[in-house]
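Notes to accompany the following structure.
Residue numbers (the UniProt record's numbering): 1 to 394.
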């Protein structure tokens, strides 16, 4: 099969780019032809086995290069002659419509941006349960809602709203959409997508790893942003015995990192929290092996939460807020614990329960590795993906 992947970026920028590279290389190893159409060609030294076609402007809602961009997209499609096109992160309705006119086209939706530019998360910290609509435009002027997301100029707000709405409508015409969790499927159905055209295809992680002795610290892996809830985890840590330590892997906004530093100081946690910064993915194994459990205190509705299945593959139980797609892989009481979103005391209590019970950690770790092998392995994912491709091309 000949497959054209389409994404805004190419390289090591984020999870979507890592996924596109990984899945493309895997498809090539299975005998398929893959090429990538993107706006930014990324790191020339990355490990990829496929051609990359770069077209500046494919992700922009600008009329200035509309005809030129569409013509260039058409030339790439004609040259590659794919059996199927797989869109990832791309929010240009004109390009989407052009791809649909030329070949069977599917999309793997990695985040909320197709139907919510704020990720279903208000500035107040609450979660939005509404579909995209005119209320979103009005909320861009309301403090603690979506204030400041769109420009403050009314005509530009209306322009951006219309462009966003057109992109949503264009994607409803796709042959198939794939999402990583039931939560994301529910969001699409809420926004007008036919339930039958949306398939749940969970992310994958590396094969389960047998680790040695279990450490005694809590591990957090992820971006340092308010919606990721690390400040809540610090509050929970302050309720735990003084010997319990937290290791934080990741970086984020300078403003939020300053807030975290002040919180650590105010709570007297300076000797108990270690900020390791950003590390390469291959180096995470050391951190997983050194911890007792992994905490995922996300306040926003995670589309999936891939760090969770990475933790399970290393035999580490997870304590997480029950938000978004997390419950798709975290079976409460089996591989960790789900906690009511934002509940500081409940989070601390479940962490303490695991710290005090090595037997529970061991049994949950074994079950976690088993679940990853059964449901979240690379081979399982690729086989399901190819079946969806073939069904779309019939």
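Even for Gly, the Cβ is constructed at its ideal location relative to N, Cα and C.
Note that this is a predicted model, so its numbers are computed, not measured.
Would you call the CB atoms of residue i and residue j closer than 9 Å?
i, j, result
"residue 236", "residue 344", "yes"
"residue 49", "residue 25", "yes"
"residue 58", "residue 6", "yes"
"residue 372", "residue 309", "yes"
"residue 37", "residue 55", "yes"
"residue 249", "residue 220", "yes"
"residue 335", "residue 367", "yes"
"residue 16", "residue 165", "no"
"residue 317", "residue 337", "yes"
"residue 259", "residue 246", "no"
"residue 104", "residue 85", "yes"
"residue 60", "residue 34", "no"
"residue 176", "residue 106", "yes"
"residue 363", "residue 324", "no"
"residue 352", "residue 360", "no"
"residue 209", "residue 65", "no"
"residue 201", "residue 27", "no"
If you draw a straight line from the C-alpha of residue i to the C-alpha of residue j, how long is it?
i, j, result
"residue 184", "residue 168", "15 Å"
"residue 330", "residue 339", "11 Å"
"residue 179", "residue 31", "25 Å"
"residue 194", "residue 181", "16 Å"
"residue 225", "residue 90", "23 Å"
"residue 341", "residue 347", "9 Å"
"residue 286", "residue 215", "11 Å"
"residue 295", "residue 218", "7 Å"
"residue 114", "residue 206", "28 Å"
"residue 147", "residue 254", "Note that residue 147 scores 47 on pLDDT, short of 50, meaning its location in the model is unreliable; the coordinates nonetheless yield the value given after this. About 21 Å."
"residue 303", "residue 239", "29 Å"
"residue 40", "residue 11", "9 Å"
"residue 305", "residue 376", "12 Å"
"residue 320", "residue 2", "40 Å"
"residue 382", "residue 268", "47 Å"
"residue 172", "residue 74", "21 Å"
"residue 231", "residue 125", "12 Å"
"residue 51", "residue 263", "47 Å"
"residue 95", "residue 67", "10 Å"
"residue 129", "residue 365", "34 Å"
"residue 163", "residue 333", "44 Å"
"residue 257", "residue 284", "21 Å"
"residue 117", "residue 135", "13 Å"
"residue 391", "residue 112", "26 Å"
Buried or exposed for residue i, going by 16 or more other Cβ atoms inside 10 Å?
i, result
"residue 393", "exposed"
"residue 44", "Low confidence applies to residue 44: its pLDDT is 49, below 50, so where it sits in the model is not reliable, and the reading given next is rough at best. Residue 44 is exposed by the Cβ-count criterion."
"residue 101", "exposed"
"residue 98", "buried"
"residue 81", "exposed"
"residue 400", "Residue 400 lies beyond the range of the chain shown here (1 to 394); nothing can be said about it."
"residue 300", "buried"
"residue 228", "buried"
"residue 281", "exposed"
"residue 53", "buried"
"residue 241", "exposed"
"residue 158", "exposed"
"residue 71", "exposed"
"residue 270", "exposed"
"residue 272", "buried"
"residue 265", "exposed"
"residue 350", "buried"
"residue 274", "exposed"
"residue 192", "exposed"
"residue 174", "buried"
"residue 133", "exposed"
According to DSSP, residue i sits in a beta bridge with which residue or residues?
i, result
"residue 178", "108 and 199"
"residue 291", "217"
"residue 2", "33"
"residue 52", "36"
"residue 277", "249"
"residue 132", "Answer by DSSP bridge pairing: none, since residue 132 is not bridged."
"residue 87", "6 and 107"
"residue 337", "319"
"residue 286", "DSSP, once it has assigned bridges, lists no residue as partnering residue 286."
"residue 332", "336"
Near residue i, which residues of its chain fall below 7 Å by C-beta distance, leaving aside the five closest residues on each side in sequence?
i, result
"residue 190", "131"
"residue 355", "244 and 292"
"residue 79", "none"
"residue 322", "338, 339, 340 and 341"
"residue 212", "289"
"residue 277", "251"
Only counting the same chain, and skipping five residues up and downstream in sequence, which positions put a Cβ closer than 8 Å to that of residue i?
i, result
"residue 14", "none"
CB-CB under 6 Å to residue i, same chain, minus the five flanking residues each way: which ones, in chain order?
i, result
"residue 108", "88 and 178"
Step through the CB atoms of chain D and report whether any lies within less than 9 Å of the CB of residue i.
i, result
"residue 101", "The structure shown contains no chain D; it is built from a single protein chain."
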